[in-house]
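Q:
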Amino acid sequence: MDRVIKLSMELAICAVCPFPGSGSIRWPFISPETRLVKMVDVPVDVLLSVPMFLRSYLLCRFMVLHSKQFQDAATRSIAALNRISMDFRFVIKTMMADHPLRVLIVFTVSYWICMSWMFTQCERYDGKLDVEHYYLNSMWFIMVTFMSIGYGDIVPNTYCGRTLSITTGIVGAGVSSALIAVISRKLELSRAEKHVNNFMADSKLTNQRKNAAASVLQETWFIHKYKKALHKGDELRLRHHQRRFLHSINEFRRIKWDQRKLQEKGNSLLDVGKLHSDMHETLWEMHRAQDHFISQIDMLTQKIVELQQTLSQQPVQGQHMASGACCSQRALPSAASDLPMQPVLNSSASIPRISLGNHSFHHNNNGSLSNGCMISDSKLYSQCQVGLSLHNGVTSCNQRK
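When we follow UniProt numbering, the leftmost residue of the sequence shown carries the number 1, and every step to the right adds one.
1) Return the chain-ordered list of same chain residues with a C-beta closer than 7 Å to the C-beta of R237, the five sequence neighbours on each side being excluded.
2) Is DSSP giving P51 helix, strand or coil here?
3) Quick check: the Cα distance between K6 and C14, rounded to an integer number of angstroms?
4) By how many angstroms is the C-alpha of S8 removed from the C-alpha of M1?
5) Could you tell me which whole alpha helix (DSSP H) segments of length 4 or greater appear in the stretch 282 to 319?
6) Just mark N250 as buried or exposed, buried being the case when its beta carbon has 16 or more other beta carbons within 10 Å.
7) Over the uninterrupted beta strand (DSSP E) stretch that includes I25, give me the two end residues.
8) Which residues does DSSP list as the beta-bridge partners of M39?
9) Return the first residue and the last residue of the alpha helix (DSSP H) that M95 is part of.
10) Got a sec, what are the start and stop residues for the alpha helix (DSSP H) G161 sits in?
11) Looking at E123 and Y134, is the spacing between their C-beta atoms short of 9 Å?
12) Mapping the DSSP letters down to three states, classify H231 as helix, strand or coil.
13) Helix, strand or coil: how does DSSP classify S77 here?
14) DSSP on C14, reduced to helix/strand/coil?
15) Let's see if you can read the secondary structure: which residues bound the alpha helix (DSSP H) around Y57?
16) Less than 8 Å between C-beta atoms, sequence neighbours within five positions excluded: which residues of the same chain meet that for D45?
17) With DSSP run on the structure shown, which of helix, strand or coil describes N137?
18) For my contact list, K265 and N198 are in at a C-beta cut-off of 8 Å; report their separation, rounded to the angstrom.
19) Excluding the five sequence neighbours on either side, which residues of its own chain have a C-beta within less than 7 Å of the C-beta of S348, listed in chain order?
20) Which word fits L187, buried or exposed, when buried means at least 16 other C-beta atoms lie within 10 angstroms of its C-beta?
21) Using the three-state DSSP reduction, which class does N82 fall into: helix, strand or coil?
22) Using the Cβ count rule (16 or more neighbours within 10 Å means buried), how would you classify M115?
23) So, Q259 versus D202, is the Cβ gap smaller than 9 Å?
24) Given that a residue counts as buried once 16 or more other Cβ atoms are within 10 Å of its Cβ, and exposed if not, what is N152?
25) Any idea if H363 is buried or exposed, counting beta-carbon neighbours within 10 angstroms, 16 or more meaning buried?
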C-alpha cells in the first residue's frame with residue numbers, strides 16, 4: 001500500500017507540465033494601499049510552472065544513487081546486516097556529519113534562488129514595476145523571511161506569495177537552527193585544546209596554593225612573635241597580622257576549591273578514554289583466562305584418557321597372572337570320572353589335598369577349599385567345583401561346556 005501511494009504521488013507530480021500559450025486565468029490580487037482584492041489575468045503556464053519545482057525530489061534520488069555509500073558493495077552489505085536502509089535520509093545524515101557547513105550553504109543558496117523566482121512569478125502581474133525589480137525585491141524578501149527577520153517593507157499581495165512566505169519561514173527556522181549548531185560546534189575547543197588549558201590552569205592554581213600556604217606560615221610566625229613582645233605598638237601589629245592570617249586561610253581554601261572543580265572537569269574529559277582503556281584491559285584479561293582454562297581442560301581430558309587406558313589394561317594383566325599361578329590354560333577332560341584323584345596330605349598337619357589333573361586343592365579345617373581354579377577360553381568354558389564332605393570323604397566334579 002505504501003508503494004502504491006508513493007507511485008501515485010510521483011505520477012501526479014510528474015504529470016504537471018505547463019504548455020505555452022494555453023490561455024490565462026483570473027488571479028486574486030490584494031492592493032498594498034487599500035488592501036482591496038482585485039482580479040488580474042495570469043497565464044496558465046506560469047501557474048503550472050510553480051508546482052513543477054516539486055520535481056526536485058529527483059535531485060534527492062540522484063544524490064542517493066551516486067553516493068559513495070550506495071555504490072560501495074561493502075557498505076551496503078554492512079548496512080543490510082545492521083538493518084539500515086540506504087535511502088536519502090542516511091545519505092544526507094552522512095553528508096551533514098562529514099561536511100555540514102558546505103551542505104547548508106549549498107542548500108540555502110539553491111533554496112533562495114528557486115523561491116525568489118517562484119515568488120516573482122506570483123507577484124509580478126500588478127504592472128507597477130519592471131521584471132528585474134520584481135526579482136531583486138523577491139530575493140530581498142525571501143532572504144529576510146528565511147532568516148526570520150521580517151522588516152515589513154515588502155509584503156506578498158497574492159495568496160500564492162503568502163503560501164511561499166509561510167514555507168520559507170518554516171524551512172528557514174530549521175536551517176538557521178542547524179547552522180547555529182554547526183557554527184557552535186566549529187567554535188568549540190577540541191579535547192587537546194581543553195587539556196592544554198586545564199594543564200595551565202592547574203599549574204597556576206598550584207603556585208597560588210603554595211604561596212597561600214607560605215603566607216599562612218609567615219603570618220603564624222608574626223602572630224607568635226608579637227604575642228611575646230611587650231612593646232606598646234606591638235598590639236596593632238598583632239591585630240594586623242591576625243587579619244592577614246585569616247585572609248590567607250580563606251585564600252588557601254578558595255584555591256583548594258578551584259583545584260577540586262578543575263580536577264572534576266578534567267576527569268569528565270578523561271572518562272571516555274579511561275573507560276575505553278579499562279574495557280580493553282578487561283577484555284584482554286578475560287581472553288587470557290579463557291585460553292588458560294581451555295588448556296587446563298585439555299590437560300585434564302588427556303589425563304582422564306590415560307587413566308581409562310590404565311584401568312582397562314589392569315584386569316587383563318591380573319587375569320593372566322591368576323591363570324599362570326593357578327592353572328596352565330589347558331582344557332579339562334569331558335567327564336569327571338576320567339580325572340585321577342590323588343589324596344595328598346600335608347606333612348605338618350592332617351589336611352586333605354585333592355589332586356585334579358595338574359591342579360591341587362587344600363581343604364581347610366572349616367570345611368571349605370583354600371584354592372579353586374576357573375578356566376575360561378574362547379572355545380571351551382569349564383568350571384570345576386570340588387566339594388569335600390567331612391563325613392564320607394566323597395569328592396565330586398561337575399564339568400560343563
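Think of the CB as a built atom: it goes at the ideal place given N, C-alpha and C, for glycine as much as any other residue.
A: Taking the definition as stated:
1) These residues qualify, in order along the chain: Y226.
2) Reduced to three states, the DSSP call for P51 is helix.
3) Near 12 Å, if we compare the C-alpha coordinates of C14 and K6.
4) Distance between the alpha carbons of M1 and S8: 11 Å.
5) You should have found no qualifying run.
6) Its Cβ having fewer than 16 others within 10 Å, N250 is exposed.
7) Membership of I25 in the beta strand (DSSP E) is indicated by the continuous run S24 to I30.
8) Its beta-bridge partners are P28.
9) F88 to D98 is the extent of the alpha helix (DSSP H) around M95.
10) Per DSSP, G161 belongs to the alpha helix (DSSP H) from Y159 to L187.
11) Yes, the Cβ-Cβ distance between Y134 and E123 is below 9 Å.
12) Here H231 sits in coil by DSSP.
13) The three-state reading of DSSP puts S77 in helix, counting H, G and I together.
14) For C14, the three-state secondary structure derived from DSSP is helix.
15) Unbroken alpha helix (DSSP H) run through Y57: Y57 to L65.
16) Cβ within range, chain order: P18, F19, P20, G21 and S22.
17) Residue state, collapsed to three classes: helix.
18) Rounded to whole angstroms, the Cβ separation of K265 and N198 is 7 Å, and the two are in contact under 8 Å.
19) Confidence at S348 is low in this model, with a pLDDT of 40, below 50, so the placement of that residue is unreliable and no value is reported for it.
20) Exposed: under 16 other Cβ atoms inside 10 Å.
21) It is coil, neither helix nor strand.
22) M115 is buried by the Cβ-count criterion.
23) In this structure, Q259 places its C-beta atom within 9 Å of the C-beta atom of D202.
24) For clarity, residue 152 is Gly in the given sequence; the question names Asn instead. It is exposed - the Cβ of G152 has fewer than 16 other Cβ atoms within 10 Å.
25) The predicted position of H363 is uncertain, since its pLDDT is 44 and thus under 50; no value can be drawn from it.
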